[in-house]
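One point on numbering: in the numbering used here, the residue at position 37 of the sequence shown is 99, and numbering is uninterrupted. Note that beta-carbon positions come from the ideal geometry of N, C-alpha and C, so glycine has one too. This one's a predicted model, so the numbers in the text were calculated from it and none came from an experiment. See structure below.
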Amino acid sequence: MASSSSIASSSSPPLSLHNVFVYGSLLADEVVHVLLNRLPPSSHASLNGYHRFSIKGRVYPAILPVESKKVTGKVLMGITDPELVVLDTFEDVEYLRRTVEISLIDSSETLLADTYVWGNQDDPDLYGDWDFEEWKRLHMKDFLAMTKGFMEELEQPESKTRVATYESFFQKESRQSIAYTEDVQHQKAADLCAASHAVAG
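Here's what the structure looks like:
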C-alpha cells in the first residue's frame, strides 16, 4: 500500500517553473536578490529582433521589436509562480510580459522565455541605446534603494505601485540634488563676495 506522503505528493500539482529573459536593472544580481530573496541560476543570452532603448525621464530601459537588432542580457531560470508575480508587479503597467525565443550565448541552444516588452510601441520618450555599465556607475545605488522601498511597500495593505514608488523616490533624490547644488552655489557666491570685500578693504 502506498504511504500517505507518496499519495499526497502524487496528487499535488506539478511545480511550474519559468525562464525569464532580463536586459536592464535585473542584470544586477543585487536587484534580483532584493526582489526574490535569492539568486536563481542564470545564463548569458540574447534576443534577436528587438532593440533596447533608453527612456526619457527614466533610468531603466525598454525593449521593442526592431528588425535586424539584438538585445543581450541573461535568462533567469527556475522562476516560480510566486516569484513571477513579484516580477510582474515590479515591472508594473509600463511593461507587457511576452513569451519569446532566446539564444544562449555559451551554446547554440535556443529556448522559450518570458520577457517584459515596453507597452507603448509609439512612445516618443524612447531614444538611442541603454548601457548597463553606465547605469551601474550612475544609478544602481539609488535604484537598489528604490527597489528595497518597493519590496517594503508590498508588505503594506495598500501598497504603492512600482512606478509610483520609483517616481516618488527619484523626485525626492532630484530635489535633494537640486538643493545641494543650490547650497554649493550660494556658498561659492558668499565666498566670492567675502573675497571681493577683503580685496576692497
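Candidates the options, of which the one nearest residue i by Cα
{"i": "residue 152", "options": "77, 191 and 214", "result": "214"}
{"i": "residue 120", "options": "145, 156, 105 and 175", "result": "156"}
{"i": "residue 175", "options": "115, 185 and 162", "result": "162"}
{"i": "residue 104", "options": "140, 123 and 124", "result": "140"}
{"i": "residue 124", "options": "180, 230 and 171", "result": "180"}
For residue j and residue i, the rounded distance between their alpha carbons
{"i": "residue 108", "j": "residue 82", "result": "12 Å"}
{"i": "residue 138", "j": "residue 111", "result": "20 Å"}
{"i": "residue 77", "j": "residue 142", "result": "8 Å"}
{"i": "residue 196", "j": "residue 218", "result": "33 Å"}
{"i": "residue 79", "j": "residue 182", "result": "28 Å"}
{"i": "residue 129", "j": "residue 169", "result": "23 Å"}
{"i": "residue 185", "j": "residue 127", "result": "13 Å"}
{"i": "residue 166", "j": "residue 173", "result": "8 Å"}
{"i": "residue 145", "j": "residue 164", "result": "20 Å"}
{"i": "residue 115", "j": "residue 92", "result": "22 Å"}
{"i": "residue 101", "j": "residue 210", "result": "16 Å"}
Cross-strand partners of residue i (DSSP beta bridge)
{"i": "residue 209", "result": "Answer is none; residue 209 lacks a bridge partner."}
{"i": "residue 180", "result": "157"}
{"i": "residue 127", "result": "112"}
{"i": "residue 166", "result": "107"}
{"i": "residue 80", "result": "141"}
{"i": "residue 90", "result": "None, per the DSSP bridge assignment."}
Expected contact under 8 Å - CB spacing of residue i and residue j to nearest Å
{"i": "residue 90", "j": "residue 202", "result": "6 Å"}
{"i": "residue 205", "j": "residue 227", "result": "Going by Cβ atoms, the distance from residue 205 to residue 227 rounds to 11 Å, so no, they are not a contact pair."}
{"i": "residue 113", "j": "residue 131", "result": "4 Å"}
{"i": "residue 160", "j": "residue 177", "result": "6 Å"}
> Is the number of C-beta pairs between the stretch 80 to 96 and the stretch 125 to 141 that are closer than 8 Å three or more?
Replying inline: yes
>> Count Cβ pairs between the stretch 179 to 190 and the stretch 90 to 100 that sit closer than 8 Å; are there 3 or more?
In response: no
> Just checking, does the stretch 145 to 162 make contact with the stretch 206 to 224 on the three C-beta pairs under 8 Å criterion?
Replying inline: yes
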